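Novice: In terms of the working numbering, the sequence shown opens at residue 145 and continues consecutively.
In this text, a Cβ means the ideal position worked out from N, Cα and C, and glycines have one as well.
None of the values given here were measured: they were computed from a predicted structure.
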Amino acid sequence: MADSNTPDIIYTKVDEAPELASASFLPIIQKFASAAGVSVGTKDISLAGRIIATFPEFLTEDQRQSDDLAELGQLVKTPEANVIKLPNISASVPQLVAAIKELQSQGYALPDYPEAPSTEEEKHIRAKYDTIKGSAVNPVLREGNSDRRAAKAVKAYAQNNPHRMGDWSADSKTRVASMSGGDFRSNETSATLAEESTAKIVLVGKDGSETVLKDGLSYPAGTVVDATFMSAKALDAFLEEEIAKTKDEGTLFSLHMKATMMKVSDPIIFGHAVKAFLKPVFDKYGNEMAALGVNPNSGLGDLLARVDGNAEIKAEIEKVMADRPPMYMVDSDRGITNLHVPSDVIIDASMPALIRAGGKGWGPDGKEADANCVIPDNSYAPVYDETINYFKETGKLDPATAGTVQNIGLMAQKAEEYGSHPTTFEIPQDGTVKMVLGDGTVLHEHAVEAGDIWRSASARKAPIEDWVQLAIDRQKAEGCEAIFWLDETRAHDAELIKYVTPILEAKGVADKFKIMAPREATRASLETIRSGKNSIAITGNVLRDYLTDLFPILELATSAKMLSIVKLMNGGGLFETGAGGSAPKHVQQLQQENHLRWDSLGEFCALGESLQFLADARNNEKARVLGQAVDAATQGILDNNRSPSRKVGEPDNRDSHYWFARYWAAALAAQSDDADLAAHFAPIAKELAENEEAVVSELAAAQGSPADLGGYYHTDPAKTAAVMRPSATLNAIIG
Ligand code: NAP
Ligand code: MG
145 MADSNTPDII YTKVDEAPEL ASASFLPIIQ KFASAAGVSV GTKDISLAGR
195 IIATFPEFLT EDQRQSDDLA ELGQLVKTPE ANVIKLPNIS ASVPQLVAAI
245 KELQSQGYAL PDYPEAPSTE EEKHIRAKYD TIKGSAVNPV LREGNSDRRA
295 AKAVKAYAQN NPHRMGDWSA DSKTRVASMS GGDFRSNETS ATLAEESTAK
345 IVLVGKDGSE TVLKDGLSYP AGTVVDATFM SAKALDAFLE EEIAKTKDEG
395 TLFSLHMKAT MMKVSDPIIF GHAVKAFLKP VFDKYGNEMA ALGVNPNSGL
445 GDLLARVDGN AEIKAEIEKV MADRPPMYMV DSDRGITNLH VPSDVIIDAS
495 MPALIRAGGK GWGPDGKEAD ANCVIPDNSY APVYDETINY FKETGKLDPA
545 TAGTVQNIGL MAQKAEEYGS HPTTFEIPQD GTVKMVLGDG TVLHEHAVEA
595 GDIWRSASAR KAPIEDWVQL AIDRQKAEGC EAIFWLDETR AHDAELIKYV
645 TPILEAKGVA DKFKIMAPRE ATRASLETIR SGKNSIAITG NVLRDYLTDL
695 FPILELATSA KMLSIVKLMN GGGLFETGAG GSAPKHVQQL QQENHLRWDS
745 LGEFCALGES LQFLADARNN EKARVLGQAV DAATQGILDN NRSPSRKVGE
795 PDNRDSHYWF ARYWAAALAA QSDDADLAAH FAPIAKELAE NEEAVVSELA
845 AAQGSPADLG GYYHTDPAKT AAVMRPSATL NAIIG
């Protein structure tokens, strides 16, 4: 709960590149904010922090940590909340295991992750670890809907400094393949609950047996509840056909999933693809491989490691692979294919990257080639398919003249929570899955076969209404085209439309909005931005994620620079820093050559919004002055090209923070709204300017050799500070 001890602004402690950036940037923020009486505190939502907080009983008194995520989860339900949220790791099992190992090596007596729990104790530990896995943070914090767009300065900069885009040719063989039936899209059923209700999910076996898959669900009146399943047989047939077609077409085979967030369904679908690709091997050696602990869901990398001692199986794999189409590579130098690790190819980043490159992926020979992009479920695949069709027809987009697509996304209170892991199941036997309400009504019913993946997701009434209102406000502010990306022929979307249309009509703004299925909306939006105009995409949760990578990557080259605001339903503000992730590659580079190419523009934009929010919410005029100066500093970074370079020896993330501090101080010194602040910052601005040479040379001298952070997931604060704050001159000014 927010109390008098809650800082004005909470800055989250996370992982990987953004956390390294914080080691340099947060001291600057705290120093500047304190001059205006604004307190900035931290809460630890890092993977390591969450592991430590989950197992106090295994740790010594001084190793224990409070459950900051739970505290933040409470805070975001209060009007006082003002949280700057940096991207955190959505851990796959290999990452979780690596983080546990690292903590153990640092003296934390944590239990191992039980891969195959058998005792009650192991099952209990596994269940606790599983709460940390995957998308465990964002659904807790996102107590509001999402407003994502490029800040005006950022968009203008991208237009004036257009990034390079690969050429599209009309005869590109690149295409998207998805299922024409048997998938989540086509099996979906949806209903809106007239009254508040409890529910359970049961599987009635063909033999008449009844298994309760999930009990104790409860939904308020007006909740849209969906259920659907992916047929394993249809999926296997589809994959087999697409592998063959890829070979005929002479393209690369690629699979695009979201195995981190869709942590139950997508690793299973990924496993089907691994099995399909190596089908003859599984047919022949399935039992032997199972005995070696092979689980196709863990990927080809894990499989190859487990069969390493068996020459016969290895020979068979080589034979089969030689006969298969070449695979889209994650790292062709190291032989890492698309099917090696389930979390290596993440659709929202991988598809835009391929589209931006003119439809090209990397093949095993290290050369670029056209690709067959396999996206089994047909719910959102049409977005990428239509984008590719459009570019094939009309050529690449020109970022110098293109308008922008903003997004208003439905996600509050776990609306359309796509992971839906407590209500997603791999079906153990043939039968019927029924979703039964408290009064006995069967809400949904699907005939399933063993191996099918069944899931239910929901969206509550209040978040849906809030989302429509947010769209109305945004459209009013922008005055541009606004499209609800909803497909009236899809069960879930049809239920949402029943909410949307009456609200738009009641508010008298129906003429300002269109409702279009994702494929048509994709084409309309691309045509709009090609003509230099803007569009607002009002979408559900999945497209919120996908589109705020797709359009930014086409327009700005990256989603890291986006403004990402969550207007909390109870009045607070959550400011996400960019729409991207935690950039693991950036940490590797820092460790190897002490260069951090992470761009903090997302943090700069979020900081400006957070201060502005503080000013508005609490009539804090000093915060307003600070915030306006942040916007001026951000503009200064862009105008003067002070963003980090990708190469060692050139300015990096730390340099950009020096410049940000300098522009921020200069703007505070120059403003006349608050004389005290101007007087306070004038000498700081002067010192920062006068010491430019010393600071820049000290920062440059730090680069070039390996950097020791004392850990990866749980770094040593002193070592990290030494690496990230190497300029004694700057540190003396910042204090
Ligand atoms: P990612 O970290 O965004 O990385 C994709 C690429 O985008 C990076 O390799 C980097 O390109 C570029 N990039 C992203 N942010 C950047 C920044 N601030 N400055 C410069 N370049 C930036 O995405 P990912 O690899 O899909 O995900 C990594 C991890 O982040 C996963 O654990 C994922 O679950 C998590 N994630 C968290 C959130 C969140 O908390 N909101 C959102 C998305 C992903 P170059 O390497 O070419 O420089
Ligand atoms: Mg995304």
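For Lys245 and Gly415, what's the separation of their Cα atoms in angstroms?
Specialist: Against the sequence shown, residue 245 aligns to sequence position 101. Against the sequence shown, residue 415 aligns to sequence position 271. Distance between the alpha carbons of Lys245 and Gly415: 25 Å.
Novice: Is the separation between the beta-carbon of Met473 and that of Gly430 shorter than 8 Å?
Specialist: Looking up residue 473 in the sequence shown gives position 329. Looking up residue 430 in the sequence shown gives position 286. Taking 8 Å as the Cβ cut-off, Met473 and Gly430 do not qualify as a contacting pair.
Novice: Just to confirm the assignment: which complete beta strand (DSSP E) runs, minimum length 3, are found wholly within the region 572-602?
Specialist: 575-581, 586-592
Novice: Secondary structure at Leu630, three-state DSSP: helix, strand or coil?
Specialist: Within the sequence shown, the letter at position 486 stands for residue 630. Coil.
Novice: Keeping to the same chain, check which residues put their C-beta closer than 6 Å to that of Lys658; ignore five residues upstream and five downstream.
Specialist: Locating residue 658 in the sequence shown gives position 514, where the first residue counts as 1. Cβ within range, chain order: Ile627.
Novice: For the alpha helix (DSSP H) containing Gly771, name the first residue and the last one.
Specialist: Here residue 771 refers to the residue found at position 627 when the sequence shown is read from its first residue. Counting along the chain, the alpha helix (DSSP H) containing Gly771 begins and ends at 765-783.
Novice: Measuring CB to CB, does Leu698 end up less than 8 Å from Pro496?
Specialist: On the sequence shown, residue 698 is found 554 positions in, with the first residue counted as 1. On the sequence shown, residue 496 is found 352 positions in, with the first residue counted as 1. The beta carbons of Leu698 and Pro496 sit closer together than 8 Å.
Novice: Going by CA-CA distance only, name the one from Thr263, Glu264, Ile269 that's closest to Tyr257.
Specialist: Looking up residue 257 in the sequence shown gives position 113. The shortest C-alpha separation from Tyr257 is found at Ile269.
Novice: Taking only beta-carbon atoms, is Leu379 less than 8 Å away from chain D?
Specialist: The question asks about chain D, but that chain is absent: this structure has only one protein chain.
Novice: Which of helix, strand or coil does DSSP assign to Thr355?
Specialist: On the sequence shown, position 211 is the one that residue 355 refers to. Residue state, collapsed to three classes: strand.
Novice: In whole angstroms, what separates the C-alpha of Phe176 from that of Ser871?
Specialist: The residue given as residue 176 occupies position 32 in the sequence shown. The residue given as residue 871 occupies position 727 in the sequence shown. Roughly 18 Å separates the two Cα atoms.
Novice: Got a sec: does ligand 2 put a non-hydrogen atom nearer than 7 Å to the Cβ of Asp689?
Specialist: Within the sequence shown, residue 689 is the residue found at index 545, counting from 1. At least one heavy atom of ligand 2 is nearer than 7 Å to the Cβ of Asp689, so yes.
Novice: Just the C-alpha distance for Met145 and Leu219, rounded to the nearest angstrom, thanks.
Specialist: To locate residue 145, count along the sequence shown from 1; it is residue 1. To locate residue 219, count along the sequence shown from 1; it is residue 75. In this predicted model, Met145 has a pLDDT of only 40, less than 50, meaning its place in the structure is not dependable enough to derive any value.
Novice: How many Å lie between Pro151 and Gln772 at the Cα?
Specialist: Taking the first residue of the sequence shown as position 1, residue 151 is located at position 7. Taking the first residue of the sequence shown as position 1, residue 772 is located at position 628. Each residue's alpha carbon lies about 21 Å from the other.
Novice: With DSSP as the reference, please indicate the residues paired to Gly717 in a beta bridge.
Specialist: Numbered from its first residue, the sequence shown carries residue 717 at position 573. Beta-bridge pairing links Gly717 to Asn226, Lys711.
Novice: Inspect the beta-carbon positions of Ala295 and Cys749 and report whether they are closer than 8 Å.
Specialist: Residue mapping note: residue 295 aligns to position 151 of the sequence shown, counting from 1. Residue mapping note: residue 749 aligns to position 605 of the sequence shown, counting from 1. It is a contact, given that the beta carbons lie within the stated cut-off.
Novice: Is Ala197 near ligand 2, in the sense that its beta carbon is under 7 Å from a heavy atom of that ligand?
Specialist: The residue you call residue 197 lines up with position 53 of the sequence shown. Checking the Cβ of Ala197 against ligand 2 gives no.
Novice: For Ala167, verify whether its CB is less than 7 Å away from any heavy atom of ligand 3.
Specialist: With respect to ligand 3, the structure offers nothing, as its ligand set consists of ligand 1 and ligand 2.
Novice: Are the region 588-605 and the region 311-320 touching by the rule of at least three beta carbon pairs closer than 8 Å?
Specialist: no
Novice: How would you call Leu184, buried or exposed, if buried means at least 16 neighbouring beta carbons within 10 angstroms?
Specialist: By one-based count along the sequence shown, residue 184 stands at place 40. First, the residue type needs correcting, since residue 184 is Val and not Leu in the sequence shown. Answer is buried; the Cβ neighbour count reaches 16.
Novice: Quick check on the burial criterion: 16 or more other C-beta atoms within 10 angstroms. Buried or exposed for Ser754?
Specialist: As a working mapping, residue 754 is identified with position 610 in the sequence shown. Buried, because 16 or more other Cβ atoms sit within 10 Å of the Cβ of Ser754.
Novice: Would you mind working out which of Val485, Gly437, Ala513, Asp410 sits nearest Thr395, comparing C-alpha positions?
Specialist: On the sequence shown, position 251 is the one that residue 395 refers to. Answer by Cα proximity: Ala513.
Novice: I'd like the span of the beta strand (DSSP E) that includes Arg319, first residue to last.
Specialist: Residue numbering aside, residue 319 sits at position 175 when the sequence shown is read from its first letter. In this chain, the beta strand (DSSP E) harbouring Arg319 covers 319-321.
Novice: Tell me whether Ala146 sits in a helix, a strand or coil according to DSSP, three-state version.
Specialist: Within the sequence shown, the letter at position 2 stands for residue 146. Per-residue confidence for Ala146 stands at a pLDDT of 44, beneath the threshold of 50, marking its modelled position as unreliable; no derived number is given.
Novice: Could you have a look at Ser442 and say whether DSSP puts it in helix, strand or coil?
Specialist: Position 298 of the sequence shown, counted from the start, is the residue given in the question as residue 442. Correct three-state label for Ser442: helix.
Novice: Flag this pair as yes or no: are the beta carbons of Ala701 and His400 separated by less than 8 Å?
Specialist: Here residue 701 corresponds to residue number 557 of the sequence shown, with the count starting at 1. Here residue 400 corresponds to residue number 256 of the sequence shown, with the count starting at 1. No, these two residues do not count as a Cβ contact at 8 Å.
Novice: Can you determine whether any heavy atom of ligand 1 sits closer than 7 Å to the C-beta of Gly724, and answer yes or no?
Specialist: By one-based count along the sequence shown, residue 724 stands at place 580. Under cutoff, so the answer is yes.
Novice: Between which two residues does the alpha helix (DSSP H) containing Phe176 stretch?
Specialist: Residue 176 sits at position 32 when you count from the first residue of the sequence shown. Here the alpha helix (DSSP H) through Phe176 covers 160-179.
Novice: Name the DSSP bridge partner or partners of Ala371?
Specialist: As a first step, residue 371 is located in the sequence shown; it is residue number 227 there, counting from the start. Beta-bridge pairing links Ala371 to Thr333, Ser600.
Novice: For Ser362, which beta-bridge partners are listed by DSSP?
Specialist: Along the sequence shown, read from residue 1 onward, the residue named residue 362 stands at position 218. DSSP, once it has assigned bridges, lists Thr342 as partnering Ser362.
Novice: Would you kindly work out how many angstroms separate the C-alpha atoms of Ser679 and Ser249, rounded to a whole number?
Specialist: The sequence position of residue 679 within the sequence shown is 535, counting from 1. The sequence position of residue 249 within the sequence shown is 105, counting from 1. Approximately 51 Å, taken between the alpha carbons.
Novice: Any chance the CB of Pro508 is under 7 Å from a heavy atom of ligand 1?
Specialist: Residue mapping note: residue 508 aligns to position 364 of the sequence shown, counting from 1. Checking every heavy atom of ligand 1 against the Cβ of Pro508, none is found closer than 7 Å.
Novice: Classify Trp506 as helix, strand or coil using the three-state DSSP reduction.
Specialist: On the sequence shown, position 362 is the one that residue 506 refers to. Looking at Trp506 - three-state DSSP - the assignment turns out to be strand.
Novice: Excluding the 5 residues preceding and the 5 following Leu379 in the sequence, name in chain order all residues of the same chain whose CB lies nearer than 8 Å to its CB.
Specialist: Taking the sequence shown and counting its residues from 1, one reaches residue 379 at position 235. Contacts found: Met323, Gly326, Asp327, Ile413, His416, Pro520.
Novice: Would you kindly work out how many angstroms separate the C-alpha atoms of Glu560 and Val731, rounded to a whole number?
Specialist: As a working note, residue 560 is residue 416 in the sequence shown. As a working note, residue 731 is residue 587 in the sequence shown. Distance between the alpha carbons of Glu560 and Val731 is about 32 Å.
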